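Here's the structure, in structure tokens; my notes come after.
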Amino acid sequence: MLEIKDLHASIENKEILKGINLKVSAGEVHAIMGPNGSGKSTLAQVLAGRKEYLVTKGDVIFEGKNLLDLTPEDRAREGIFLAFQYPVEIPGVSNTNLLKTAINEIRKYRGEEAIDAMEFLTMLKKKMKLVEMDQSLLSRAVNEGFSGGEKKRNEILQMAVLEPKLSILDETDSGLDIDALRIVANGVNKLRSKDRAAIVVTHYQRLLNYIIPDFVHVLYNGKIVKSGTKELAFELEEKGYDWLKEQKELVEG
Amino acid sequence: MSSTEVSSIEELANKEYKYGFVSDIESESFPLGLNEDIICKISRIKNEPEFMLEWRLKAYHHWLTLKEPNWANIHYDPIDYQSISYYSAPKKKPKLSSLEEVDPELLKTYEKLGISLEEQKIFSGVAVDAVFDSVSVATTFKEKLSELGIIFCPMSEAIRNHPDLIKQYLGSVVPYTDNYFASLNSAVFSDGSFAFIPKGVRCPMELSTYFRINAANTGQFERTLIVAEETAYVSYLEGCTAPMRDENQLHAAVVELVALDNAAIKYSTVQNWYPGDKNGKGGIYNFVTKRGLCKGINSKISWTQVETGSAITWKYPSCILMGDNSTGEFYSVAVTNNYQQADTGTKMIHMGKNTRSTIVSKGISAGKSSNSYRGQVKIIKKADNARNFSQCDSLLIGDKCGAHTFPYLDINNSTAQIEHEATTSKIGDDQIFYLNQRGIALEDAINLIVNGYCKEVFKELPMEFAVEAQKLLSVSLEGSVG
Chain A
72 MLEIKDLHAS
82 IENKEILKGI
92 NLKVSAGEVH
102 AIMGPNGSGK
112 STLAQVLAGR
122 KEYLVTKGDV
132 IFEGKNLLDL
142 TPEDRAREGI
152 FLAFQYPVEI
162 PGVSNTNLLK
172 TAINEIRKYR
182 GEEAIDAMEF
192 LTMLKKKMKL
202 VEMDQSLLSR
212 AVNEGFSGGE
222 KKRNEILQMA
232 VLEPKLSILD
242 ETDSGLDIDA
252 LRIVANGVNK
262 LRSKDRAAIV
272 VTHYQRLLNY
282 IIPDFVHVLY
292 NGKIVKSGTK
302 ELAFELEEKG
312 YDWLKEQKEL
322 VEG
Chain B
15 MSSTEVSSIE
25 ELANKEYKYG
35 FVSDIESESF
45 PLGLNEDIIC
55 KISRIKNEPE
65 FMLEWRLKAY
75 HHWLTLKEPN
85 WANIHYDPID
95 YQSISYYSAP
105 KKKPKLSSLE
115 EVDPELLKTY
125 EKLGISLEEQ
135 KIFSGVAVDA
145 VFDSVSVATT
155 FKEKLSELGI
165 IFCPMSEAIR
175 NHPDLIKQYL
185 GSVVPYTDNY
195 FASLNSAVFS
205 DGSFAFIPKG
215 VRCPMELSTY
225 FRINAANTGQ
235 FERTLIVAEE
245 TAYVSYLEGC
255 TAPMRDENQL
265 HAAVVELVAL
275 DNAAIKYSTV
285 QNWYPGDKNG
295 KGGIYNFVTK
305 RGLCKGINSK
315 ISWTQVETGS
325 AITWKYPSCI
335 LMGDNSTGEF
345 YSVAVTNNYQ
355 QADTGTKMIH
365 MGKNTRSTIV
375 SKGISAGKSS
385 NSYRGQVKII
395 KKADNARNFS
405 QCDSLLIGDK
415 CGAHTFPYLD
425 INNSTAQIEH
435 EATTSKIGDD
445 QIFYLNQRGI
455 ALEDAINLIV
465 NGYCKEVFKE
475 LPMEFAVEAQ
485 KLLSVSLEGS
495 VG
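Chains A and B are the protein sequences, given in the same order. In the numbering used here, each residue carries its 1-based index in the first sequence increased by 71. In the numbering used here, each residue carries its 1-based index in the second sequence increased by 14.
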């Protein structure tokens, strides 16, 4: 589904990603872990098409298309969804209005008819249950005055509604208490299917107790330095990132 | 903002003004300049009764004693009032009984503007008094209205046919001495609309006028008067677009509203005069005096405006709340882009007891424009229990524009309750990227945010106008992202 080849990216002339290689197939969940400043969030933003980051080298192929040639909106329409680490507030625009606009833009891109209002509402109510979200949040402006947990849940609701092929969760666990974490993870798990994939970016192993990944990659200094299965996450939790840094320095040294 | 974004924005900003064309109708104009002769000529050409000419001349002489005001937060080169032609009318026989008699060129112009009279007539149920340049050329639905005793006609016709009403009400809210531009208008106004809703009648349709400036170098001086007698109700729509011009065109209209006991007047405007090109060249100077008098008890006047056009906007639709328990409302969206300047707001003058006013102002500034809200709430000594709520919000798009708020409060009664809220926000790159990532493209993202921001005002507009207003907003803000 997704293939990242030797991806280099920089911001303000500072290279953050220094040759990322990663292959994600349909049905898989990949966790990307790493210490602060290793480039995890940058990778998520670059895949979504944030313009501030300049891709200096490498390719990203998504479903046979060169992702880097596409605008952020076209990437979204192709089926890439980014759950933001810091969801943005949009005053005056209701959650419902945003979701409906987004769905219809994606449908239009695929040459489909706009969604029927009743069909939309029925579907929306179903998805709200999935993330245990109160209906009153629908008529409120996007993320405005939402608590940290509500914002993250709202991201998962949007993901559930838009049904992307590839979901990228950027530190969705940060700032969540254990109940909110469970709800968010539950939402993600219910969306797992053989046709979809997810990249879960996280600093802590904690989230991976709820979302069991098929693969775990450790990002350090702009490169994936170690890949493994879910056991790798436990090992990291136990030994800390310093253990890897030492290992890497040994290799490079 | 990245450089690629900037260049695509510039490209979009270069889009030409959608309504910028000049139609090919022969027009009859006066020589440039203003003097007594010109005023007599205007009055004569319109077959006006003597009292009207006298009134115009008094206004003219008063105007000569006045200085152009300079307190507004706007900047422009001095206007040479002697280089303007004060009258222009399409050359055509004056009386038309049906659309077939209207100059086909004129009808084509309306079609280009999307306001075909025929469509209006057949489908929308809106009575249209179309003002093309200065002369009204077609009035529809007149018969149906006259059955109810409603008078809706061009101002020039009202002056000839209803001199008593004109004598009673014209200048009763905005006297010819009111201000520089109102005096000028009183002296030279060419035409406009007159609506009279008699006692107890609820006007069954929205009344509407479309204005259009067409002949080059012609000042457009509209005069509108709406009177709602006891318990009458009327909703009036005003909308306009103007063709592209290099010369600045002066527009100084006066609108007067009078509401008697228990009457209500709702006045909605979508204004889209030519704003000038992207370098700030050309565009309409719009100096308007709009004022409503809530004369009777329980009367209500509501102004709703969506201002997207004009190089310069100087406009303060106001309410004088004279009757006890009367209500004044002002809902405004003012958009400025490129080099546009707007100084707009309202005045709520509380004179009666238990009077209430609501002000909701939404300013949107983009490009290098400047957008000022100027509002006054005045509560006189005997106005017990007056209440005002004001909300003034500014939205900035990009970092080269300006937004200013000048609220004036003049409270002389301790029982008054005044609330004022103000916010300033900016459309950020973060918001745009967030919406992009949900599959929504740049322009649509801006529209989504702006429409959300203006929702409170749009919901006050009649349905068909709300749709038009949204379209106008998206055209006005094309390529303004930052």
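All residues carry an ideal CB built from backbone N, CA and C; glycine is no exception. All figures in this text were calculated on a predicted structure; none of them were measured in a lab.
Under a Cβ-count criterion, where at least 16 other Cβ atoms within 10 Å of its own Cβ denotes burial, should residue i be classed as buried or exposed?
i, result
"Arg181(A)", "exposed"
"Ser349(B)", "One point to set straight first is that residue 349(B) is Val, not Ser, in the sequence displayed. Buried is the call here."
"Thr284(A)", "According to the sequence as given, residue 284(A) is Pro; it is not Thr. Pro284(A) is buried by the Cβ-count criterion."
"Glu474(B)", "buried"
"Gln319(B)", "buried"
"Ile165(B)", "buried"
"Arg7(B)", "The structure shown does not extend to residue 7(B), since chain B is modelled only from 15 through 496, so no value can be given for it."
"Ala73(B)", "buried"
"Met189(A)", "exposed"
"Val287(A)", "buried"
"Tyr90(B)", "exposed"
"Ile227(B)", "With a pLDDT of 47 at Ile227(B), under the threshold of 50, the predicted position of this residue should be treated as unreliable, though the coordinate-derived value follows. Its Cβ being crowded by 16 or more others within 10 Å, Ile227(B) is buried."
"Glu220(B)", "buried"
"Pro108(B)", "With a pLDDT of 40 at Pro108(B), under the threshold of 50, the modelled position of that residue is not reliable, and no figure is offered here."
Tell whether a beta-carbon distance below 9 Å holds between residue i and residue j.
i, j, result
"Thr303(B)", "Ala196(B)", "yes"
"Glu149(A)", "Leu456(B)", "no"
"Ser222(B)", "Leu251(B)", "yes"
"Asn351(A)", "Leu201(A)", "Since the displayed chain A opens at 72 and closes at 324, residue 351(A) lies outside it and no answer follows."
"Ser316(B)", "Glu343(B)", "yes"
"Leu290(A)", "Gly110(A)", "yes"
"Lys265(A)", "Gly98(A)", "yes"
"Val202(B)", "Ile56(B)", "yes"
"Tyr288(B)", "Ile326(B)", "no"
"Asn351(B)", "Ile393(B)", "no"
"Ile151(A)", "Lys236(A)", "yes"
For residue i and residue j, what's the separation of their Cα atoms in angstroms?
i, j, result
"Lys396(B)", "Lys367(B)", "7 Å"
"Met194(A)", "Arg267(A)", "19 Å"
"Met258(B)", "Ala86(B)", "Confidence at Met258(B) is low in this model, with a pLDDT of 47, below 50, so its placement is unreliable and no value can be given for it."
"Phe210(B)", "Gly310(B)", "16 Å"
"Leu73(A)", "Phe133(A)", "5 Å"
"Gln431(B)", "Ser375(B)", "19 Å"
"Ser324(B)", "Gly290(B)", "7 Å"
"Ser340(B)", "Val241(B)", "16 Å"
"Lys316(A)", "Gly442(B)", "37 Å"
"Gln276(A)", "Met104(A)", "8 Å"
"Leu170(A)", "Ile463(B)", "14 Å"
"Lys295(B)", "Ala147(A)", "40 Å"
"His101(A)", "Arg253(A)", "19 Å"
"Thr369(B)", "Phe403(B)", "12 Å"
"Ser282(B)", "Val471(B)", "11 Å"
"Val232(A)", "Thr437(B)", "33 Å"
"Lys414(B)", "Ser384(B)", "9 Å"
Please confirm if residue i has its CB atom under 9 Å from at least one CB of chain A.
i, result
"Cys406(B)", "no"
"Lys469(B)", "yes"
"Ala455(B)", "yes"
"Gln8(B)", "Since the first residue shown for chain B is 15 and the last is 496, residue 8(B) is missing from the structure and cannot be characterised."
"Gly389(B)", "no"
"Ile373(B)", "no"
"Leu462(B)", "yes"
"Gly381(B)", "no"
"Asn385(B)", "no"
Can you confirm whether residue i, when its beta carbon is compared against all beta carbons of chain B, has any partner nearer than 9 Å?
i, result
"Ile87(A)", "no"
"Gly135(A)", "no"
"Pro106(A)", "no"
"Arg146(A)", "yes"
"Glu66(A)", "Residue coverage of chain A in this structure runs from 72 to 324, which leaves residue 66(A) outside it and unanswerable."
"Leu169(A)", "yes"
"Pro284(A)", "no"
"Gly293(A)", "no"
"Arg253(A)", "no"
Any chance the CB of residue i is under 8 Å from a heavy atom of the ligand HEM?
i, result
"Asn175(B)", "This structure lacks the ligand HEM, and indeed carries no ligand of any kind."
Exercise. Listed in chain order, which residues of the segment 218–246 of chain A have Cβ atoms closer than 8 Å to some Cβ of chain B?
Worked result: Flagged, chain order: Gln229, Leu233.
Exercise. For the segment 178–190 of chain A, which residues have a beta carbon sitting closer than 8 Å to at least one beta carbon of chain B?
Worked result: Those residues of the segment 178–190 of chain A that come within reach of chain B (Cβ to Cβ, closer than 8 Å) are Tyr180.
Problem set entry | Residues from the segment 147–165 of chain A in contact with chain B, defined by Cβ distance under 7 Å | In summary, the residues of the segment 147–165 of chain A whose CB is separated from some CB of chain B by less than 7 Å are Ala147, Arg148, Leu153, Phe155, Val159, Ile161, Pro162, Gly163, Val164, in the order they occur in the chain.
For this session: Could you list the residues in the segment 434–454 of chain B with a C-beta less than 7 Å from some C-beta on chain A, going in chain order?
Result: Taking 7 Å as the cut-off between beta carbons, the residues of the segment 434–454 of chain B near chain A are Ser439, Asp444, Gln445, Phe447, Tyr448, Asn450, Gln451, Arg452, Gly453, Ile454, in sequence order.
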